[in-house]
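Trainee: When we follow this note's numbering, the leftmost residue of the sequence shown carries the number 375, and every step to the right adds one.
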Amino acid sequence: MDDLLRFSHDYHDKFEPNAYLSNYYNGTGDQVDLSRPAIYDLISAAPYAEEIIFAEYTEKNRQAVEAWQHKSPDSHDWLPYFKFVVQRLEGKESEDVFIREAELRKKISHILPCDIGWEDPVRWPTAWDSQQGSFDVVTTSLCLEVAVKSEQEYSNAIAKMRKYLKPGGYLAMHSALGENFYTSGKEKFHFFQVSQKLLQEILHKEGFGEVYMTSQADPTSEEPGGELYFVSAKVQ
Ligand SMILES: C[S@@+](CC[C@H](N)C(=O)[O-])C[C@H]1O[C@@H](n2cnc3c(N)ncnc32)[C@H](O)[C@@H]1O
Numbered sequence: 375m376d377d378l379l380r381f382s383h384d385y386h387d388k389f390e391p392n393a394y395l396s397n398y399y400n401g402t403g404d405q406v407d408l409s410r411p412a413i414y415d416l417i418s419a420a421p422y423a424e425e426i427i428f429a430e431y432t433e434k435n436r437q438a439v440e441a442w443q444h445k446s447p448d449s450h451d452w453l454p455y456f457k458f459v460v461q462r463l464e465g466k467e468s469e470d471v472f473i474r475e476a477e478l479r480k481k482i483s484h485i486l487p488c489d490i491g492w493e494d495p496v497r498w499p500t501a502w503d504s505q506q507g508s509f510d511v512v513t514t515s516l517c518l519e520v521a522v523k524s525e526q527e528y529s530n531a532i533a534k535m536r537k538y539l540k541p542g543g544y545l546a547m548h549s550a551l552g553e554n555f556y557t558s559g560k561e562k563f564h565f566f567q568v569s570q571k572l573l574q575e576i577l578h579k580e581g582f583g584e585v586y587m588t589s590q591a592d593p594t595s596e597e598p599g600g601e602l603y604f605v606s607a608k609v610q
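#1: Going straight from the alpha carbon of Q610 to that of L545, what length do you get?
#2: Determine the burial state of K337: buried for a count of at least 16 other Cβ atoms within 10 Å of its Cβ, exposed for fewer.
#3: Could you check what DSSP says for E430 in three-state terms: helix, strand or coil?
#4: How many whole angstroms separate the CB atoms of V512 and L539, which I take to be in contact at a CB cut-off of 8 Å?
#5: So, under 8 Å CB-CB, W498 and Q505 are touching, yes? Tell me the CB distance rounded to an integer number of Å.
#6: Pick helix, strand or coil for S595, following the three-state DSSP scheme.
#7: If you run the structure through DSSP and keep just helix, strand and coil, what is E584?
#8: According to DSSP, simplified to helix, strand and coil, what is V520?
#9: With C-beta atoms as the reference, is R536 less than 8 Å away from G583?
#10: Which runs of the alpha helix (DSSP H) fall wholly inside the stretch 425-482 and span at least 4 residues, in chain order?
#11: Can you tell me whether DSSP reads Q681 as helix, strand or coil?
#12: What are the start and end residues of the alpha helix (DSSP H) that includes Y398?
#13: Give me the Cα-Cα distance between L453 and T514, rounded to the nearest whole angstrom.
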């Protein structure tokens, strides 16, 4: 393990999607780890969304999602996660698992570059107008904290996601509290440490209400007291 701490700009050449996915998302059947779902929100969301736009910072990561979408033989196997959500959590039949997989593949209409540091964080197709106030739901998982280094930047990132939402829309976030770094492959990545209090204060400051939050100990945390959380918050 190289002890050098990596930051957002290092993701282009130091973050290997295969190493990350096999490290954190290698669940099989009943052993799926509920605390580490990667496209977790999209599996449940697929039946409710007309269209899903997937935005990701690095080209390699976008290619990994595209490979899954196009059933490339070397793409990551998310099937155990679909089984867990559709059968175990939703109580549906085994055939519904495959229907859901196909539905999500179809509903991801675009895979676009993004950088939460940009004023408008998604690079929309050139023919599109501003997407501010366009979406019912914006989701993000384990991303903001790798990209920001201060409370102000963290707050700005949440404000930018808020701008994409319609009045009454929801922000759904899954990430970690009380952690400063994580490792993937041989690399150690910066993670901006957030507390529950800070997150809730920022959500209220940025115009969200009806905040629902749940958390649990993070079994993969390399620091004591690390927790994973899920939060949903409604634009007021
Ligand atoms: C810990 S991984 C999380 C991946 C996945 N969302 C998950 O839940 O497992 C961190 C992600 O943040 C992305 N990222 C890094 N810098 C970013 C930035 N400036 N803006 C947006 N995303 C960024 C990386 O490309 C990587 O996909």
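Just so you know, even glycine gets a beta-carbon here, dropped at the ideal spot from N, CA and C. Nothing here was measured: the structure is a model prediction, and the numbers come from that model.
Mentor: For this structure:
#1: 11 Å
#2: With the chain running from 375 to 610 in the structure shown, residue 337 is simply not present.
#3: strand
#4: 6 Å
#5: Indeed, because the Cβ distance is near 6 Å, the residues count as touching under 8 Å.
#6: coil
#7: strand
#8: helix
#9: For R536 and G583, no; Cβs fall outside 8 Å.
#10: 433-443, 453-457 and 468-481
#11: Shown here, the chain extends from 375 to 610; a query on residue 681 therefore has no answer.
#12: P391 to Y398
#13: L453 and T514 have their alpha carbons spaced roughly 21 Å apart.
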